[in-house]
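Here's the structure we're looking at; comments come further down.
In the working numbering, the protein residues as written are 36 to 415.
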């Protein structure tokens, strides 16, 4: 294809010759043949999919007498508006002589349900009947996460949960709305040092009744504590870290959040943070749906309180505090304190100690000293 100079030479019997040159122009007037594919594509976590040539053009059956390239795909991008529809896509191919042809690819649009970065899926402990994770980018404004949890979280010594998490260092805040949770389970927010079943952790959970569940493990591979708080309409949850303090909040509308509880747990600077779900009934998976998920922070801790450098001797978190919540007088009882020593059956505080009263922001309000033998403290 194109212009070529041709030289012709004639020679007689005695060797005399003559030559001339002329130009031959070859034009390609033959258009290529475009053959399209009918295919299915899957929306990515951003709610869009950019079509590639191999998605829509049948290279095996498309042809040209020379060569061709794909010069047009229209529309080039499909999104959530196209979900569960078949989109006609015009594909244009062109050869070097600018001859072109086009065809129509019928593209069915589905969702991949893959988790968006930086979120990842982690099975904590025994997954039971199995855990599954999905993300729907087409639920506005921030997408929707779904966890089907076969993990039954019925023991204090280890965690069995389905977890969608990311790594964050320093102070942080995570908020989510619990759109739904089946009656046999809980859904909530959790931070932990690792995916190990006995990792230190803090978590706040809702089953969309008037109870908020708070779980915390302060010693690696130790028993965690599970506490329940009466909080009306806990449709939204928030988990906050400030230094080594972890705070749980709830809300009925996502605008006004109310304090649930706080706990000091010395943990590493970087934690796994995210959404967790579990079932209460082995063999019966729970399904949790989260929306409006936001996670922020990741800066250096504002305050890091020193950890306990004294071996806890399996004391555990068994001090009794009542009434809880309270507005006036609160009683702290040490009658249930267990020191973990075989010969120690005392129900009194065997050593002196210090009790500190802090507000919901972790600020110190008052300190009192305890004498040896103290059984209870009434704090007005």
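Glycine included, C-beta positions come from ideal geometry on N, C-alpha and C. Since the model is a prediction, treat every value here as computed from it, not as a measurement.
(1) Reducing DSSP to helix, strand and coil, say where residue 138 ends up.
(2) Whole angstroms is fine: what's the gap from residue 102's alpha carbon to residue 164's?
(3) Under the rule that 16 or more other beta-carbon atoms within 10 Å means buried, what is residue 345, buried or exposed?
(4) Residue 405 by DSSP, collapsed to three states: which one?
(5) Could you give the residue range of the alpha helix (DSSP H) that holds residue 88?
(6) Nearest by alpha-carbon distance to residue 91: which of 105, 79, 72 and 106 is it?
(7) Residues in its own chain within less than 6 angstroms of residue 99 by CB, not counting five upstream and five downstream?
(8) Suppose you measure from the CA of residue 45 to the CA of residue 57; what does that come to, to the nearest Å?
(9) Evaluate residue 295 with the Cβ neighbour count: other Cβ atoms within 10 Å of its Cβ, from every protein chain shown; 16 or more gives buried, anything less gives exposed.
(10) Do you know whose CA, among 281, 215, 59 and 43, lies nearest residue 53's CA?
(11) In angstroms with no decimal places, state the Cα-to-Cα distance between residue 404 and residue 262.
(12) Mind checking residue 146: buried by the 16 CB within 10 Å criterion, or exposed?
(13) Is DSSP giving residue 173 helix, strand or coil here?
(14) Decide if the region 157-176 is in contact with the region 124-140; the criterion is three or more beta carbon pairs, one per stretch, under 8 angstroms apart.
(15) Going by the beta-carbon positions, is the gap between residue 187 and residue 318 smaller than 9 angstroms?
(16) For residue 180, report the span of its beta strand (DSSP E) as first-last.
(17) So is residue 389 buried or exposed if we call it buried at 16+ other beta carbons inside 10 Å?
(18) Rounded to the nearest angstrom, what separates residue 382 and residue 391 at their Cα positions?
(19) Is residue 31 buried or exposed, if buried means 16 or more other CB atoms sit within 10 Å of its CB?
(20) Quick check on residue 47: does DSSP put it in helix, strand or coil?
(21) Among 402, 316 and 122, whose alpha-carbon lies nearest the alpha-carbon of residue 221?
Per the coordinate set shown:
(1) Along the chain shown, one-based indexing puts residue 138 at 103. Strand, per DSSP.
(2) Walking along the chain shown from the start, residue 102 turns up at place 67. Walking along the chain shown from the start, residue 164 turns up at place 129. Whole-angstrom Cα-Cα distance: 55 angstroms.
(3) The residue given as residue 345 occupies position 310 in the chain shown. With a pLDDT of only 38 at residue 345, under the threshold of 50, the placement of this residue in the model should not be trusted, and no figure is reported.
(4) Looking up residue 405 in the chain shown gives position 370. Of the three classes helix, strand and coil, the one that applies to residue 405 here is strand, per DSSP.
(5) Within the chain shown, the letter at position 53 stands for residue 88. 88-91 is the span of the alpha helix (DSSP H), which, as asked, contains residue 88.
(6) Walking along the chain shown from the start, residue 91 turns up at place 56. It is 72 whose Cα lies nearest to the Cα of residue 91.
(7) As a first step, residue 99 is located in the chain shown; it is residue number 64 there, counting from the start. Excluding sequence neighbours, residue 99 sits near 67 and 130.
(8) Translated into the one-based positions of the chain shown, residue 45 becomes position 10. Translated into the one-based positions of the chain shown, residue 57 becomes position 22. So the alpha carbons of these two residues sit roughly 14 angstroms apart.
(9) Position 260 of the chain shown, counted from the first residue, corresponds to residue 295. Buried, by the Cβ-count rule.
(10) Within the chain shown, numbered from 1, the residue matching residue 53 stands at position 18. Of the listed residues, the one whose Cα sits closest to residue 53 is 43.
(11) In the chain shown, the residue the question calls residue 404 occupies position 369. In the chain shown, the residue the question calls residue 262 occupies position 227. For residue 404 and residue 262, the distance between alpha carbons rounds to 26 angstroms.
(12) Position 111 of the chain shown holds residue 146. Around the CB of residue 146, 16 or more other CB atoms lie within 10 Å, so the residue is classed as buried.
(13) Taking the chain shown and counting its residues from 1, one reaches residue 173 at position 138. In the structure shown, residue 173 adopts coil according to DSSP, grouped into three states.
(14) no
(15) Indexing the chain shown from 1 puts residue 187 at position 152. Indexing the chain shown from 1 puts residue 318 at position 283. Cβ distance < 9 angstroms, so residue 187 and residue 318 count as in contact.
(16) Within the chain shown, numbered from 1, the residue matching residue 180 stands at position 145. Residues 179-184.
(17) Within the chain shown, numbered from 1, the residue matching residue 389 stands at position 354. Residue 389 should be labelled exposed.
(18) Here residue 382 refers to the residue found at position 347 of the chain shown. Here residue 391 refers to the residue found at position 356 of the chain shown. Annotation note: pLDDT 45 at residue 382 (below 50); position unreliable, no value reported.
(19) Lying before the first or after the last residue shown, residue 31 is absent from the chain, which here runs from 36 to 415.
(20) For this step, residue 47 is matched to residue 12 along the chain shown. Three-state result, residue 47: coil.
(21) Locating residue 221 in the chain shown gives position 186, where the first residue counts as 1. That would be 316, whose Cα lies nearest to the Cα of residue 221.
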